[in-house]
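Student: Mind having a look at this structure? Questions to follow.
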Amino acid sequence: MVEKHAGTQHEPDQYADAVAKLEESEVTADRPGAFKDFVRIFDYADKLSWVLNVLSLVTSIAAGVVLPLMTIIFGNAVGEFNKFSAGDTDAATFQHLILDYVLWYIYLFVAKLVLSYISTLSICIAAIRTTRSLRQAFLDSLLRKEIWHFDSKDPSSVAVLVTTNGARINKGIADKFAFLIQYVAMFFAAFVVALVRQWKLTLITMSIIPGIMVIISICVPIEAAIESRVMRMYSQGGSIAQEAISTIKNIHAFWAQGKMVEKYDNLLQQAHTEGEKKSILYGILFSTEYFFVFSGVALSFWKGYRMFANGEIDGIGPVFTVVFSALIAASTITAIAPQFQTFANAAAAASEIFTLMDETSKLDPLSEDGLKPSTCDGEIEIKDLSFSYPSRRSIKVLKGLNLKIPAGKTTALVGASGCGKSTLVGLLERWYERESGAIELDGVDITRCNTKWLRSQIGLVQQEPVLFQGTVFQNVANGFTDSQKRLSDKEQLILVQQACETSYAHDFVSELPNGYDTEVGEAAGLLSGGQRQRIAIARSIVSNPRILLLDEATSALDPNAEGMVQRALDQVSVNRTTLVIAHKLATVRNADNIAVISDGKVVEQGTHFNLLQSEGHYAKLVAAQNIEEQSDKYDQVSDVMDGDAEKDLIRHASLYKTATGEFDPSAANIKTGTLGYSLIRCIFLMFLEQKSLYTYFLISTIGCLIAGATFPAQALIFSRIFEVFTLPPDQGQPKADFYALMFFVIALGNLVAYMIIGITCNIIGQEVTHRYRKELFTNMLRQDMDFFNLPGNTSGALTSRLSSMPTQLQDLISANILLIFVIFISVTSTSVLALAYGWKLGLVVVFGGLPPLILSGYIRIRLETTLEAKNSERFAEGANLANEAVMAIKTVASLTLESTVLQRYQNLMSGIVRNSIQSLLWTIFWYALSQSLEFLVMALGFWYGSKLLSEGEYTSSQFYIIFLGTLFAGQSAAMFFSYSTSITQAVEAANYILWLRTCKPVMQENDENRSKGPVTDGGEIALASMSFKYPRRENRVLRDISMRIEPDQFVAFVGPSGCGKSTIVSLLERFYDPTSGQIIYAGNSISSYSPRLYRQNISLVQQEPTLYSGSIRENVTLGVEGEATEEQILDACKQANALEFIDSLPEGLSTACGNRGLQFSGGQKQRIAIARALIRKPRLLLLDEATSALDTQSERIVQSALDKAKEGRTTIAVAHRLSTIVHADVIFVFGDGRVVEQGTHHELLTKKGRYYDMVLAQSLNKDV
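Under UniProt numbering, residues 1 to 1264 are what the sequence shown spells out, in order.
Next up, the structure:
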């Protein structure tokens, strides 16, 4: 039955609306992080998280009230001290009363310990759970987006958003938020206590609050807006980094590290300039808050003494309760001020995530809307179909295309690159929506069908198969339907094995060390191309789809692998509607119908033989691809396979088989990730590097000294004020006025000090994060390939570290380190003051109280360091999963894997939550202990001080100076450990940055080789007894290879996948050095040359063309030192047969390529890549399947250009398509890591060996 709303699900006009929305989103992305974004984060808290948040709120408020309650005890105790000093109380009674107050301090200690533990633990658990839900919702939102959404946005930035933004949000709603609540509660509780004690004096003192609120309300929103813009720039920079790191071989080949760093640094400089605008804001925010608070203290004393003199206050106790409440408020402001940056960062991070989440998706792949027919025959009819890509609306790709694809038959699409063949696949999969016309499945417009149902009826095999990290079984099982996912493990394994048997994958999978449980590695790098493709075929048919789409499924394979895969495809196509897109026409000769597409229309169709007889477009394509007339049929030779090579591939495929426990000493260091340096050592080393900032450090030191001196100054003034209240009003009034004035002087000093600290800390912080982001990126790009092959160094993980670690280091070296310095000065100065005024009491309270407090904080930092390192590793794994899914969004969509990916991500996040909570239980105890020990220190001071006072050893003035000095020192030390989370993260970041410097690449430019490069224009290349195995792998890929390549020769390497052809290209590029033997170029070992000067002589064109975000011009000139002229660029494009299609683009060479060149077809991307290679005018040209992605027409033209380009230079081509190397001077045939044949094309045919068999496998028709 057809649902009433089914026909209105996604109409073409909605597609245009979606594109408009996409363009509007670029504007909305500029919005700053607002308070509403911060509040919205809590929408993702579940019931338990809300309970924990409420529990934390209540206990945080209670914990905040504890310290203000101390002022009541202190005020009463001061009264007893005054009575004893005046002789109104005897010594025994005095000590008994003080013991009662000591007990109250112990009660406060227990209360603060328990309440701080519960509040911090609760909110940290709630924050982890909430952030987990938000991360999952964000990924869910991304996977629900239309595919065209990612054409204009860089999917590689997802790793940055999921990790960095998630971490910033977590930081803003976890313990920092509990601190804020606690300090706010403390702030108001202090005034409530004061109001109860003396309401009139308190109200006068509270006049400072409006001033503080006005400053905060003005500065914080402005800061949040700036931070939002800075984060967006960092996100763009993260995308650049992701592009470069994920294509590191290409970056090294063209020695483009410098250009990528420069491109990255341009964004960093913009962020730096924008970020420095916050300097004056921080200066105003910090300084005015301190100024208002200490002005309030001055006002309290000034007015308080007058009220005392007038009889409105009956003693010193109420005045000191009010004053100390004001001082507590001052300490809370000290703690609150730096937190606003954390909350602004969290709001900005949330804003960026919510901006993407709020973009409406017109095509939701997880929606239940639309038709879900019970059967599908697979009859497809395309009617008058027109289409242009959303990012290039002015260019029509399809122009009224009409085509019938009969059910159960094989239909092939052939034609020039960019003619619209693959576009049709995207429209059938509903990655894109047509502009006009219709695509009908069994007579029903596919826009009326449920998207998930439609895609589940289609099996897709692409040119570049995407497998995901996991086992072979998991990758094939990714093709399961929902009903198949509910089967037992045994039944699922049977289905997977059957699919692999059908796709000819079962045999090689069974021989893997762990069979179907063998890990395939990142990007399935442990399998050959043919093996990956066969697993992809198994995945596409395991659900038994009615329709099979084969988009260049064999074009990237060698002849032997191609033969194996083609047999698999022929078998799985039986009784299925199969649509084949092919450049290799040998793969479609048996199709029931072949449609030739040109200029967006079907210009010719029929069977292979009918089209040959008509001598039209198709006949010309066939003639161009036929290598040589042969009498043997294709079917008789397609079974040829290099058995030894296949077995060798199997040995190489296992992650466990290739890993070895014995490492090269020079490589061992690249696995540690840290130097294990302490906080002090990290700070010292980082400080030594900031010579350009020494002036700012000096200025900030002056501010820190002034701010730190505030604490002992307070102790001294307080002790003098005690005496004032024992004097007659006529004597006491002038002194009271003077000491009130001194507090106002302190207020002015803090105004200056924190203005200096606020301005300089941001200047320092922006410079530090800029410097270390650039350094970290530079040091990553300079590493050898072995560094990037390590499991923890995936592109997602490295980009995540690049994004987060410099920010963590910024926190350490700027605001936090300056505030920590202030705390250090206050602890030191007040401790010295206490010892100077009374060594007995000073020794007891300083050395009896502070060491346990510091020890508890130190233990907490050590525990947090371990927790932070583990969490970084766990979240990096989550980032990899999210990044992998979004980077392969088309594969995820075609397999309807959205729910599976989300479930895997959810399971991973749940594991992180569980492990983090277990670690937090113990870590937070030590934090709570460090926050509450100050009450024990005060209890100890009161007890021993009263004893000394009652015995006549100390005066009350001495006691007050020592006690208050110790009180301030204890509070400062406790405040220090509130910064420990930032310190922990920063120490880890500093260690990683310093460690990465110690990872010295083998292939680097140094003083010894800096000026040494090949000196001839066309040097001979010699491989002398060369063997090679990849680092940390047992099996050799190349075995005792010796060959000589003369200058200006055109040489070809052919052979089955995994035989070592591309490995030799990697060795010639010096991505690796041989395990034994050497490579000689121009008379010297290439290891003796500067890699930069050596690679200037080489250009590489790889099988999978790599383009970067930026214009065509920027991509073509990527490997050119200095500036290339317009004439050079145009000439290179012309040679590569790219100029014609570039000129047809509205912006020509200035056309943006988009992420990974998504704006262009495979053939167009490859021609741009060839132009990039030719503009360097290389002496050695390496072509690693350079034309495999091109259609026949483009291949012929480009091959002609390459034939011309090889004149005057040596050319080495790795080829599967043998038509491209027929005219090579020498063809080396590889097998099992050795050269098994060599000679010219005709010489090798005469031998009738392996090369002969490969040629037979690629011959189209003996009659052509």
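Glycine included, each C-beta is placed from N, C-alpha and C at the ideal position.
DSSP on Met357, reduced to helix/strand/coil?
Tutor: Here residue 357 refers to the residue found at position 357 of the sequence shown. Three-state DSSP puts Met357 in a helix.
Student: Residue range of the alpha helix (DSSP H) that Asp37 falls in?
Tutor: Position 37 of the sequence shown, counting from 1, holds the residue named residue 37. Note, Asp37: alpha helix (DSSP H), Phe35 to Arg40.
Student: Could you tell me the boundaries of the beta strand (DSSP E) in which Glu440 lies?
Tutor: The sequence position of residue 440 within the sequence shown is 440, counting from 1. Element bounds for Glu440: Ser436 to Leu441.
Student: For the stretch 51-65 and the stretch 896-916, state whether three or more C-beta atom pairs, one from each stretch, are separated by less than 8 Å.
Tutor: Contact fails: fewer than three Cβ-Cβ distances are below 8 Å.
Student: For Pro545 and Glu1104, what's the separation of their Cα atoms in angstroms?
Tutor: Walking along the sequence shown from the start, residue 545 turns up at place 545. Walking along the sequence shown from the start, residue 1104 turns up at place 1104. If I take the Cα positions, the gap works out to 29 Å.
Student: Which first and last residues belong to the beta strand (DSSP E) in which Ala224 is found?
Tutor: Translated into the one-based positions of the sequence shown, residue 224 becomes position 224. Careful: Ala224 lies outside any beta strand (DSSP E), inside the alpha helix (DSSP H) at Ile209 to Ser246.
Student: What is the C-beta distance between Phe308 and Phe725, in whole angstroms, given that I count them as a contact (C-beta under 8 Å)?
Tutor: Counted from its first residue, the sequence shown places residue 308 at position 308. Counted from its first residue, the sequence shown places residue 725 at position 725. Sure, about 7 Å apart at Cβ, within 8 Å.
Student: Just to confirm the assignment, what range does the alpha helix (DSSP H) spanning Ile284 have?
Tutor: In the sequence shown, counting from the first residue as 1, residue 284 sits at position 284. Looking at the DSSP string, the run of the alpha helix (DSSP H) that includes Ile284 is Lys278 to Ala309.
Student: Does DSSP put Asn402 in a helix, a strand or coil?
Tutor: On the sequence shown, residue 402 is found 402 positions in, with the first residue counted as 1. Note: Asn402 maps to strand in three-state DSSP.
Student: Excluding sequence positions up to five away, which residues of its chain have a Cβ less than 8 Å from the Cβ of Arg31?
Tutor: Position 31 of the sequence shown, counted from the first residue, corresponds to residue 31. Interpretation of Arg31 is limited by its pLDDT of 46, a score under 50 that renders its predicted location unreliable; no figure is taken from the coordinates.
Student: Under 8 Å by Cβ, that's how I've got Asn475 and Val520 pegged, so tell me the actual separation to the nearest angstrom.
Tutor: Working through the sequence shown from its first residue, we reach residue 475 at position 475. Working through the sequence shown from its first residue, we reach residue 520 at position 520. Correct: roughly 6 Å between the Cβ atoms.
Student: List the endpoints of the continuous beta strand (DSSP E) containing Ser1042.
Tutor: Stepping through the sequence shown from its first residue, residue 1042 is reached at position 1042. Start and end: Leu1038 to Ile1045.
Student: Work out the CA separation of Pro373 and Val2 for me, nearest whole Å.
Tutor: Mapped onto the sequence shown, residue 2 falls at position 2. Mapped onto the sequence shown, residue 373 falls at position 373. At Val2, the pLDDT of 36 sits below 50, so the modelled position is not reliable and the matter cannot be decided from this model.
Student: Assign Asp1253 to one of two classes, buried (16 or more other C-beta atoms within 10 Å of its C-beta) or exposed (fewer than that).
Tutor: On the sequence shown, residue 1253 is found 1253 positions in, with the first residue counted as 1. The residue is buried, with at least 16 neighbouring Cβ atoms inside 10 Å.
Student: Just reading off the beta strand (DSSP E) that Lys47 is part of, what are its end residues?
Tutor: As a first step, residue 47 is located in the sequence shown; it is residue number 47 there, counting from the start. Note, Lys47: premise wrong, no beta strand (DSSP E); alpha helix (DSSP H) at Lys47 to Ser85.
Student: In terms of residue numbering, what span does the alpha helix (DSSP H) encompassing Tyr117 cover?
Tutor: Position 117 of the sequence shown, counted from the first residue, corresponds to residue 117. Element bounds for Tyr117: Ala91 to Leu143.
Student: Using CA atoms only, rank isn't needed, just tell me which of Ile537, Gln533, Val1236 and Asp551 is closest to Gly426.
Tutor: By 1-based counting over the sequence shown, the position of residue 426 is 426. Closest option to Gly426, Cα to Cα, is Asp551.
Student: In the DSSP output, which residue or residues are listed as bridge partners for Asp482?
Tutor: On the sequence shown, position 482 is the one that residue 482 refers to. DSSP output for Asp482 lists no bridge partner at all.
Student: Roughly how many angstroms separate the alpha carbons of Ile251 and Met231, rounded to a whole number?
Tutor: Translated into positions along the sequence shown, residue 251 becomes position 251. Translated into positions along the sequence shown, residue 231 becomes position 231. Distance between the alpha carbons of Ile251 and Met231 is about 26 Å.
Student: Helix, strand or coil, according to DSSP, for Glu604 in the structure here?
Tutor: The count along the sequence shown starts at 1 and reaches residue 604 at position 604. Residue state, collapsed to three classes: strand.
Student: Go through its chain and collect everything with a Cβ distance to Ala1169's Cβ below 6 Å, but skip five positions before and after it.
Tutor: In the sequence shown, counting from the first residue as 1, residue 1169 sits at position 1169. Excluding positions up to five away in sequence, the list reads Val1101 and Pro1105.
Student: Can you name the residues that DSSP bridges to Lys1026?
Tutor: Here residue 1026 refers to the residue found at position 1026 when the sequence shown is read from its first residue. Residue 1026 is actually Met in this sequence, not Lys. Its beta-bridge partners are Ile1041.
Student: Any heavy atom of the ligand GDP within a distance shorter than 6 Å of the CB on Arg546?
Tutor: Summarising the ligand content, the structure contains no ligands, and the ligand GDP is consequently not present.
Student: Let me confirm a value: Pro318 is counted as buried when at least 16 other C-beta atoms fall within 10 Å, else exposed. Which label applies?
Tutor: Within the sequence shown, residue 318 is the residue found at index 318, counting from 1. Under this definition Pro318 is a buried residue.
Student: Can you pull the DSSP bridge partners for Lys383?
Tutor: Position 383 of the sequence shown, counted from the first residue, corresponds to residue 383. The partner list for Lys383 (beta bridge, DSSP) reads Ala438.
Student: Am I right that Gly459 and Ile541 are in contact with their C-beta atoms under 8 Å? What's the rounded C-beta distance?
Tutor: Here residue 459 is taken as the residue at index 459 of the sequence shown, counted from 1. Here residue 541 is taken as the residue at index 541 of the sequence shown, counted from 1. That belief holds up - the Cβ atoms of Gly459 and Ile541 are roughly 5 Å apart, short of 8 Å.
Student: Would you kindly check if the distance between the Cβ of Ala1152 and the Cβ of Ser1111 is under 7 Å?
Tutor: Locating residue 1111 in the sequence shown gives position 1111, counting from the first residue. Locating residue 1152 in the sequence shown gives position 1152, counting from the first residue. For Ser1111 and Ala1152, yes; Cβs fall inside 7 Å.
Student: According to DSSP, simplified to helix, strand and coil, what is Ser528?
Tutor: Position 528 of the sequence shown, counting from 1, holds the residue named residue 528. DSSP places Ser528 in coil when its eight states are reduced to three.
Student: Determine, using beta carbons only, whether Leu549 and Arg576 come nearer to each other than 7 Å.
Tutor: As a working note, residue 549 is residue 549 in the sequence shown. As a working note, residue 576 is residue 576 in the sequence shown. It is not a contact, given that the beta carbons lie outside the stated cut-off.
Student: Using the beta-carbon count (16 or more within 10 Å), is Leu1256 buried or exposed?
Tutor: Residue 1256 sits at position 1256 when you count from the first residue of the sequence shown. Label assigned to Leu1256: buried.
Student: Quick test of your reading: Ala126 and Asn76, contact by CB under 8 Å. State the CB separation rounded to the nearest angstrom.
Tutor: As a first step, residue 126 must be located in the sequence shown, where it is residue number 126. As a first step, residue 76 must be located in the sequence shown, where it is residue number 76. Their Cβ separation, rounded to whole angstroms, is 38 Å, which puts Ala126 and Asn76 out of contact at 8 Å.
Student: Quick check on DSSP: helix, strand or coil for Phe738?
Tutor: Locating residue 738 in the sequence shown gives position 738, counting from the first residue. DSSP places Phe738 in helix when its eight states are reduced to three.
Student: Rounded C-beta distance between Pro68 and Met213? I'm assuming under 8 Å.
Tutor: Position 68 of the sequence shown, counting from 1, holds the residue named residue 68. Position 213 of the sequence shown, counting from 1, holds the residue named residue 213. Not really, about 20 Å apart at Cβ, beyond 8 Å.
Student: Measure from the alpha carbon of Gln1135 to the alpha carbon of each residue in Gly1162, Ala1173 and Glu1121, then state which is nearest.
Tutor: Your numbering for residue 1135 matches position 1135 in the sequence shown. When only C-alpha atoms are compared, the closest one is Ala1173.
Student: What's the C-alpha gap between Met206 and Gly878?
Tutor: Working through the sequence shown from its first residue, we reach residue 206 at position 206. Working through the sequence shown from its first residue, we reach residue 878 at position 878. Between Met206 and Gly878, the C-alpha separation is close to 49 Å.
Student: What is the DSSP secondary structure of Gly1163, counted as helix, strand or coil?
Tutor: By one-based count along the sequence shown, residue 1163 stands at place 1163. In this structure, Gly1163 counts as helix in the three-state DSSP scheme.
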